Amino acid sequence: SGMVVHVGRLRKGSSERTVKFVSLTNNLVRGAAGIAILTAELLKATGRLG
């Protein structure tokens, strides 16, 4: 479909309510520029971008 997410190396995090994982995404439908803007908006909304 062009929009895929793979999750691997799922393991316990540093506390009992967290997990760690590696993710790989492929989003050919949205394109690199579109996902870059979406990521920047998310980082700004969560206070992780100056």
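Sequential numbering of the sequence shown, starting at 12, is according to the numbering used here.
We put the beta carbon where it would ideally sit given N, CA and C, even for glycine.
Remember, predicted model here, so these are calculated numbers, not experimental data.
For G19, the secondary structure class from DSSP, reduced to helix, strand or coil, is strand.
DSSP places L39 in the coil class of the three-state scheme, outside both helix and strand. When rounded, the separation of the alpha-carbon atoms in A47 and E27 is 32 Å. With a cutoff of 8 Å on beta-carbon distance, R22 and V16 are scored as not near each other.
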